[in-house]
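Residue numbers (full-length UniProt numbering): 1 to 519. Working notes, beginning with the structure itself.
Printed below as a string of structure tokens:
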């Protein structure tokens with residue numbers, strides 16, 4: 001075989017490539033979850049709606065379909081219905097000709113297309129993304145618009161566990177420049193679930209006007225924040241009626257229509273209402289050219305399903321009721337998890353779980369917590385701490401709360417035991433716990449989260465948990481009466497070998513303890 005001079009035989013032009021794969025993305029974790037054989041496993045990874053029995057939302061079944069190509073611009077009926085859904089009838093009637101729209105390959109396609117359009121024809125110096133944001137936003141912009149510099153504005157305050165309005169505004173006021181672009185989530189922010197209030201949206205719109213920013217709205221969850229698609233569209237409609245900025249809306253139907261695999265979306269670009277009406281048409285032509293080179297034309301099936309629902313009065317009402325039902329279930333699961341964490345007296349403030357909206361909760365758990373939950377409890381979520389609320393159900397919410405609670409430290413730095421009902425013992429601490437998990441036998445159980453906490457301490461203490469009467473023998477601190485044995489009391493007894501345990505615990509050994517031990 002003849003190779004070019006610059007490539008040696010046995011080599012490749014792509015030898016410069018190195019792996020950037022972390023293995024911790026949503027789809028990689030999903031594969032690990034599917035391979036996990038443990039019956040207790042819980043999927044809190046991908047934001048796909050599930051019922052309380054873990055069933056997917058059944059979308060409309062269209063019996064009669066044709067398989068012709070769509071026009072390059074997409075399904076015109078879908079585009080018109082999508083415009084009405086996000087902008088409202090009033091704006092369509094007043095300024096519909098200032099909107100350029102094209103059907104896209106879901107929200108990813110819409111975000112990619114607007115990135116390419118801006119780089120090629122508008123050329124903003126920078127794009128401002130919220131920190132944190134949907135993981136794919138960064139890759140979309142660096143891949144499709146490498147000439148636009150990526151900047152971040154703070155969005156979430158970890159200490160207050162809420163939207164950081166002041167930090168966002170201060171950053172954009174001080175650093176954003178004329179003609180910069182800024183990306184905003186319309187509702188149910190991914191991953192935090194924390195959205196601006198209406199008053200904050202008003203100030204954001206005013207700032208965008210003052211700084212002459214091009215705004216990109218990502219609308220992936222319309223109807224799944226409040227349960228009402230009209231209410232969830234409020235930020236976009238406020239910009240329509242109270243702002244002169246030009247902006248785009250990346251509209252996805254994956255979540256709110258259950259069309260995950262059909263890849264259905266629409267991109268809208270609202271040009272200046274003061275400009276001639278022909279500019280929107282020119283923008284549309286450029287969008288068609290860009291998409292033609294990528295995918296030719298958008299997919300058909302999902303567009304037919306969404307159009308059927310949005311243009312039929314009865315189906316539309318059914319869809320709205322479905323959204324309300326889905327949102328109520330997600331909010332109920334938030335409340336159940338919150339209540340269970342309170343019942344277990346889990347350390348920390350968990351109010352953010354019930355204050356957030358949409359499909360996700362930004363739990364506040366760190367990477368070590370997430371790794372522990374996956375390893376010991378088979379609960380899967382992203383390393384950022386984002387948990388899909390849809391994976392929580394009546395049958396597993398208690399298990400999830402218990403796992404979160406047990407990962408919390410039981411021992412302060414000074415070696416003082418602070419378990420519920422245990423007074424301040426300043427006794428030595430050993431890197432194990434002895435747990436009596438029923439009334440007939442005792443067993444030394446590996447509990448690696450407690451092992452890890454205790455192994456950091458130089459002293460020794462054995463805590464024995466005795467199950468109270470008439471309570472299911474789950475291994476959990478708040479479901480047991482507690483007593484503490486000083487290390488000197490067990491130094492020469494049958495527990496001595498079991499309590500010499502740091503290495504054994506970490507190696508996942510299990511030891512039987514005689515039932516004759518004095519409890």
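All C-beta atoms in this analysis are idealised placements derived from N, C-alpha and C, irrespective of residue type, glycine included.
Contacting residues, own chain, Cβ-Cβ under 8 Å from residue i (five flanking each side not counted)
i           : result
residue 150 : 126, 127, 129, 138, 141 and 142
residue 552 : Residue 552 lies beyond the stretch modelled for the chain, which goes from 1 to 519, so this question has no answer here.
Helix, strand or coil at residue i [DSSP, three-state]
i           : result
residue 201 : helix
residue 45  : coil
residue 314 : helix
residue 141 : helix
residue 245 : coil
residue 229 : helix
residue 288 : helix
residue 431 : Residue confidence for residue 431 is low, a pLDDT of 30 falling below 50, so the modelled location carries little weight and cannot support an answer.
residue 256 : coil
residue 399 : helix
residue 60  : Caution applies to residue 60, whose pLDDT of 49 falls short of 50 and renders its modelled position unreliable; the model cannot decide the point.
residue 390 : helix
residue 187 : coil
residue 273 : coil
residue 384 : coil
residue 303 : helix
residue 100 : strand
residue 34  : helix
residue 157 : strand
residue 251 : strand
residue 162 : strand
residue 493 : Note that residue 493 has pLDDT 36, beneath the 50 cutoff, so the model's placement of it is unreliable and no number is given.
Residue range of the unbroken beta strand (DSSP E) whose run includes residue i
i           : result
residue 238 : Per DSSP, residue 238 belongs to no beta strand (DSSP E); it is in the alpha helix (DSSP H), 234-242.
residue 128 : 126-131
residue 217 : 214-219
residue 268 : 264-270
residue 112 : Segment 106-117 is the alpha helix (DSSP H) holding residue 112; no beta strand (DSSP E) there.
residue 377 : Note, residue 377: premise wrong, no beta strand (DSSP E); alpha helix (DSSP H) at 367-377.
residue 150 : 149-154
residue 69  : First-last for residue 69: undefined, no H or E at that position.
residue 361 : 360-362
7 Å Cβ cutoff, residue i in contact with chain D
i           : result
residue 399 : The chain labelled as chain D is not found in the depicted structure, where only one protein chain is given.
Reference residue i; option with closest CA among the options
i           : options               : result
residue 218 : 353, 269 and 124      : 269
residue 405 : 389, 355 and 339      : 339
residue 192 : 303, 384 and 104      : 384
residue 133 : 170, 397, 235 and 189 : 189
residue 264 : 299, 289 and 176      : 299
residue 292 : 158, 181, 376 and 103 : 103
residue 368 : 380, 215 and 185      : 380
residue 108 : 360, 343, 294 and 359 : 294
residue 336 : 237, 398, 290 and 326 : 398
residue 320 : 344, 222, 247 and 386 : 222
residue 45  : 325, 375, 80 and 361  : 361
residue 348 : 159, 80 and 32        : 159
Anticipated Cβ contact below 8 Å, residue i with residue j, distance rounded
i           : j           : result
residue 124 : residue 179 : 5 Å
residue 98  : residue 267 : Actually they do not touch by this definition, with Cβ atoms about 15 Å apart.
residue 146 : residue 297 : Not quite, the Cβ-Cβ distance comes to about 26 Å (not below 8 Å), so this is no contact.
residue 118 : residue 148 : 7 Å
residue 225 : residue 187 : 4 Å
residue 110 : residue 250 : 4 Å
residue 252 : residue 75  : Not a contact, Cβ separation roughly 15 Å.
residue 89  : residue 288 : Rounded, the Cβ-Cβ distance is 26 Å, inconsistent with contact.
residue 154 : residue 131 : 6 Å
residue 359 : residue 389 : 6 Å
residue 307 : residue 78  : 5 Å
residue 236 : residue 182 : With a Cβ gap of about 14 Å, residue 236 and residue 182 do not count as contacting.
Host alpha helix (DSSP H) of residue i (start-end)
i           : result
residue 89  : 89-95
residue 166 : 165-175
residue 121 : Neither: residue 121 is in no alpha helix (DSSP H) and is coded neither H nor E.
residue 295 : Element bounds for residue 295: n/a, residue is neither H nor E.
6 Å Cβ shell around residue i - same chain, five flanking residues per side excluded
i           : result
residue 315 : 309
residue 350 : 338 and 341
residue 259 : 253 and 302
residue 394 : 52
residue 41  : 378
Residues near residue i by beta carbon distance below 7 Å, same chain, minus five either side
i           : result
residue 209 : 243, 244 and 245
residue 283 : 100, 269 and 271
residue 115 : 140, 141, 144 and 145
residue 121 : 286
residue 106 : 252, 254, 263, 264 and 265
residue 207 : 169, 172 and 173
residue 36  : 378
residue 201 : 235 and 238
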